[in-house]
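Visitor: Please read through the structure below; I'll follow up with questions.
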Ligand SMILES: Nc1nc2c(ncn2[C@@H]2O[C@H](COP(=O)(O)OP(=O)(O)OP(=O)(O)O)[C@@H](O)[C@H]2O)c(=O)[nH]1
Ligand SMILES: [Mg+2]
């Protein structure tokens, strides 16, 4: 269990940790000289890990870094002073961080025992309506040892807060140092998952890969550290050095490495904040052991009044590691007071449309601690799916957790079964609409169909959906065209007659068919009308446009492909001259045909010679749609 101290400067936090553990958590020479705590201190016993924080108002950011990973608070109030400014501020911070268990030590009972009743009242009124309202208050003296054993058993009975071991590992780094014998050590609180020796993890945000060479959990060497423990990792990595590590970095699973500078959050402004938070108000943002400047915008109202809670968008000055359900604290622009805090709802929100009603309902849905509950609610809302990787990542969930989620994984989406049916129906409806409004078109191409779908599923997901509909025969594919099985392109009676006349002319000249303009003239229609008809017929199959306005019967193209293959087989290679001689259609047309074969991949050209890829011959069927 990790216990964090809290309380005003000089109230006896460090002395109390020493009385409980025998360890002086003030390591720095400057701390000893000035008699105050400056940096985080640590003390371990078999049952506890203490994080001792500074109480001085100038070091509240350090207190925040220390308090973010703790299980329980040891709030220290000196009986001679009573409640002081950082007593209040630390209580606010513990509340914003959701610390719901703790003990209050009323220190210096040896010099101010008479004040116990008064201070007891003061402290109770500060804690009223907080998660620590019921926490026990115990007078102690670190000098005489009075009350220390009672305090120790009160702390023991708190017990650790439950932590998710089945999540990916996530360690909030608060310190990095190099060993004299060489090697880099990172210490911090493992807030989720487990870490084993030899694990390959990532330092985030820098994005530096590392390997765990050895570890200590709660100051004991071991093979494995569990969520909730203070951990020291001995790590190596090619690009890793002490200088690449900053307090507030995370060590985590590479899948979860996704620094973000944009967060959608539920934010509470403290009742005693001096003013409302207005749009784009600059703030100091603290999350885990990290700290960065940022700006807040409320998503519904234009400002957030003291004492109220609202959805908000935070934009940070630089990307940090943050995940859903992470707690954060805001201090004012001058970093002189704590003004609010809250919970991250979506660490990877869309850039645009942050205030759209659909988006706000999605945020409300995601604002639940349990991932399955959040997902279930989210998928009842349009569009009925969400991005699989972002969801898993935001919740720090390994892929194995998918089976326990109330959704189907399809390509890159998590999708509600009902939404999948809906998508199938939408595909059929879109195609039916298209066939009705454009009976002379063979259907829709994949991308056009995808863009026409409500909610626009991702390419990967839509490919999976189309694949399953093709597999079950609900839709069919002709070359690039998707259509319903019942749909056939038909020509009007007039067009059909014109086509039959054109067909005779094209067939008559066989390897040297008339161009579009010649056909139009011969049949007394405009060139445009002729071209439109020929293209339409090409989509139906019987014609192939080998070069612009040079249509061949598809069966003739098949025949020419066979001839090209014959020539190549007989003489080992194919040249324009031999091909022209066999077809007797003139050099220009022969070259157009060969270039068409090059484009389809049937022939591969090297200088004046071509190889024929006989494995490609099969694609010259009646429906000649190259790819
Ligand atoms: N008489 C008496 N003095 C105490 C007791 N506890 C702490 N002190 C003294 O109070 C002073 C401050 O104690 P620290 O433990 O350094 O206070 P702190 O809360 O850690 O201070 P910061 O970390 O700087 O916020 C020291 O001079 C201690 O010797 C106590 O129970 N009785
Ligand atoms: Mg101290």
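Residue numbers (my numbering): 27 to 653.
Just so it is clear, CB atoms sit at the ideal spot from N, CA and C, and this is done for glycine as well.
Since this is a predicted model, take the numbers as computed values, not measurements.
Is there at least one non-hydrogen atom of ligand 2 closer than 6 Å to the beta-carbon of residue 360?
Guide: Residue 360 sits at position 334 when you count from the first residue of the chain shown. False, no ligand heavy atom lies under 6 Å from that Cβ.
Visitor: Taking 6 Å as the cut-off, is the CB of residue 58 close to at least one heavy atom of ligand 1?
Guide: Translated into positions along the chain shown, residue 58 becomes position 32. At a threshold of 6 Å, residue 58 does not count as near ligand 1, since its beta carbon sits no closer than that to any of the ligand's heavy atoms.
Visitor: Regarding residue 40 and ligand 1, is the C-beta to nearest heavy atom distance less than 6 Å?
Guide: As a first step, residue 40 is located in the chain shown; it is residue number 14 there, counting from the start. Yes, Cβ of residue 40 sits closer than 6 Å to a heavy atom of ligand 1.
Visitor: What is the rounded straight-line gap between the Cα of residue 359 and the Cα of residue 493?
Guide: Position 333 of the chain shown holds residue 359. Position 467 of the chain shown holds residue 493. Going by the C-alpha atoms only, they are around 54 Å apart.
Visitor: Excluding five sequence neighbours on each side, which residues of the same chain lie with their C-beta closer than 6 Å to the C-beta of residue 478?
Guide: As a first step, residue 478 is located in the chain shown; it is residue number 452 there, counting from the start. Cβ within range, chain order: 456.
Visitor: Closer than 6 Å by C-beta to residue 577: which residues in its own chain qualify, once you throw out the five before and the five after it? Chain order, please.
Guide: In the chain shown, residue 577 corresponds to position 551, counting from 1. Non-local C-beta neighbours of residue 577 in its own chain, meaning closer than 6 Å and more than five positions away in sequence, comprise 560, 569 and 571, ordered along the chain.
Visitor: Quick check: does the Cβ of residue 316 come within less than 6 Å of any heavy atom belonging to ligand 2?
Guide: Residue 316 sits at position 290 when you count from the first residue of the chain shown. No - ligand 2 has no heavy atom lying nearer than 6 Å to the Cβ of residue 316.
Visitor: What separation, rounded to the nearest whole angstrom, lies between the Cα atoms of residue 486 and residue 461?
Guide: The residue labelled residue 486 in the question sits at position 460 within the chain shown. The residue labelled residue 461 in the question sits at position 435 within the chain shown. Going from the Cα of residue 486 to the Cα of residue 461 covers about 25 Å.
Visitor: On a Cα-Cα basis, can you pick out the residue from 535, 514, 530 and 389 that is closest to residue 567?
Guide: As a first step, residue 567 is located in the chain shown; it is residue number 541 there, counting from the start. Of the candidates 535, 514, 530 and 389, the one whose C-alpha sits nearest the C-alpha of residue 567 is 514.
Visitor: From which residue to which residue does the beta strand (DSSP E) around residue 388 run?
Guide: Stepping through the chain shown from its first residue, residue 388 is reached at position 362. Run containing residue 388: none in the beta strand (DSSP E); it sits in the alpha helix (DSSP H), 383-392.
Visitor: To which residues does DSSP link residue 242 through a beta bridge?
Guide: Indexing the chain shown from 1 puts residue 242 at position 216. Here residue 242 is bridged, per DSSP, to 247 and 258.
Visitor: Measuring only the C-alpha atoms, how far is residue 248 from residue 255?
Guide: Here the question's residue 248 lines up with position 222 in the chain shown. Here the question's residue 255 lines up with position 229 in the chain shown. So the two alpha carbons sit approximately 12 Å from each other.
Visitor: Is the closest heavy atom of ligand 1 to the C-beta of residue 62 under 6 Å?
Guide: Along the chain shown, read from residue 1 onward, the residue named residue 62 stands at position 36. For ligand 1, at least one heavy atom lies less than 6 Å from the Cβ of residue 62.
Visitor: Measuring CA to CA, which of 94, 253, 338 and 459 is closest to residue 121?
Guide: On the chain shown, position 95 is the one that residue 121 refers to. Ranking 94, 253, 338 and 459 by CA distance to the CA of residue 121 puts 94 first.
Visitor: By alpha-carbon positions, which one of 352, 290, 384 and 351 ends up nearest to residue 341?
Guide: Counting from one through the chain shown, the residue named residue 341 turns up at place 315. It is 290.
Visitor: Can you tell which of 621, 55, 508 and 313 has its C-alpha closest to the C-alpha of residue 632?
Guide: Taking the first residue of the chain shown as 1, we reach residue 632 at position 606. If we check each option's Cα against that of residue 632, 621 comes out closest.
Visitor: Kindly indicate the opening and closing residues of the alpha helix (DSSP H) around residue 119.
Guide: Numbered from its first residue, the chain shown carries residue 119 at position 93. In the DSSP assignment, residue 119 falls within the alpha helix (DSSP H) that extends over 111-122.
Visitor: Under the criterion of a Cβ to heavy atom distance below 6 Å, does residue 128 qualify as lining ligand 1?
Guide: Within the chain shown, numbered from 1, the residue matching residue 128 stands at position 102. Residue 128 has its Cβ no nearer than 6 Å to any heavy atom of ligand 1.
Visitor: Give me the Cβ distance between residue 332 and residue 302, rounded to the nearest whole Å; I'm assuming they're in contact under 8 Å.
Guide: Mapped onto the chain shown, residue 332 falls at position 306. Mapped onto the chain shown, residue 302 falls at position 276. Correct: roughly 6 Å between the Cβ atoms.
Visitor: Considering only the alpha carbon of each residue, which of 117, 458, 481 and 391 lies closest to residue 154?
Guide: Here residue 154 corresponds to residue number 128 of the chain shown, with the count starting at 1. If we check each option's Cα against that of residue 154, 117 comes out closest.
Visitor: By DSSP's criteria, residue 203 is part of a beta bridge. Which residues make up the other side?
Guide: Stepping through the chain shown from its first residue, residue 203 is reached at position 177. Partner(s): 211.
Visitor: From which residue to which residue does the beta strand (DSSP E) around residue 335 run?
Guide: Position 309 of the chain shown, counting from 1, holds the residue named residue 335. Per DSSP, residue 335 belongs to the beta strand (DSSP E) from 335-346.
Visitor: Contact between the segment 254-271 and the segment 306-313: three or more CB pairs below 8 Å?
Guide: no
Visitor: Please classify residue 625: does DSSP put it in a helix, a strand, or coil?
Guide: Here residue 625 refers to the residue found at position 599 when the chain shown is read from its first residue. Helix.
Visitor: For residue 99, which of 423, 106, 163 and 109 has the nearest alpha-carbon?
Guide: Within the chain shown, numbered from 1, the residue matching residue 99 stands at position 73. For the residues 423, 106, 163 and 109, the minimum Cα distance to residue 99 belongs to 163.
Visitor: Once DSSP output is grouped into helix, strand and coil, what is the label at residue 650?
Guide: Along the chain shown, one-based indexing puts residue 650 at 624. Only weak support exists for where residue 650 lies, its pLDDT of 32 falling under 50; the coordinates are left without a value.
Visitor: According to DSSP, which residues form a beta bridge with residue 288?
Guide: Reading the chain shown from its first residue, position 262 is the one you call residue 288. Checking the DSSP bridge columns, you'll see residue 288 partnered with 341.
Visitor: Please name the residue, chosen from 615, 552 and 558, that lies closest to residue 540 on a Cα-to-Cα basis.
Guide: Along the chain shown, one-based indexing puts residue 540 at 514. The residue with the shortest Cα to Cα distance from residue 540 is 615.
Visitor: What are the complete alpha helix (DSSP H) segments, minimum 4 residues, inside the segment 480-565?
Guide: 485-497, 519-535 and 542-549
Visitor: Residue 161 and residue 109: beta carbons closer than 7 Å?
Guide: On the chain shown, position 135 is the one that residue 161 refers to. On the chain shown, position 83 is the one that residue 109 refers to. Their beta carbons are not under 7 Å apart, which means residue 161 does not touch residue 109 by this criterion.
Visitor: Would you mind giving the Cβ-Cβ distance between residue 475 and residue 508, rounded to the nearest angstrom? I have them listed as a contact below 8 Å.
Guide: By one-based count along the chain shown, residue 475 stands at place 449. By one-based count along the chain shown, residue 508 stands at place 482. The C-beta distance from residue 475 to residue 508 rounds to 6 Å, short enough to meet the 8 Å contact threshold.
Visitor: Have a look at residue 640 and residue 587 and give me their C-alpha separation to the nearest angstrom.
Guide: Counting from one through the chain shown, the residue named residue 640 turns up at place 614. Counting from one through the chain shown, the residue named residue 587 turns up at place 561. When rounded, the distance between both Cα atoms is 10 Å.
Visitor: Counting only the same chain and skipping the five closest in sequence on each side, list residues whose C-beta sits under 7 Å from that of residue 137.
Guide: Within the chain shown, residue 137 is the residue found at index 111, counting from 1. Beyond the five residues adjoining it in sequence on each side, residue 137 comes within less than 7 Å, by CB distance, of 106 in the same chain, given in chain order.
Visitor: Output yes if chain C places a C-beta closer than 7 Å to the C-beta of residue 292; else output no.
Guide: Structure shown: chain C not included; a single protein chain is present.
Visitor: If you draw a straight line from the alpha carbon of residue 189 to that of residue 372, how long is it in whole angstroms?
Guide: Numbered from its first residue, the chain shown carries residue 189 at position 163. Numbered from its first residue, the chain shown carries residue 372 at position 346. C-alpha separation (whole angstroms): 20 Å.
Visitor: Between which two residues does the alpha helix (DSSP H) harbouring residue 461 extend?
Guide: Mapped onto the chain shown, residue 461 falls at position 435. It spans 443-463 - the alpha helix (DSSP H) in which residue 461 sits, taken as one unbroken run.
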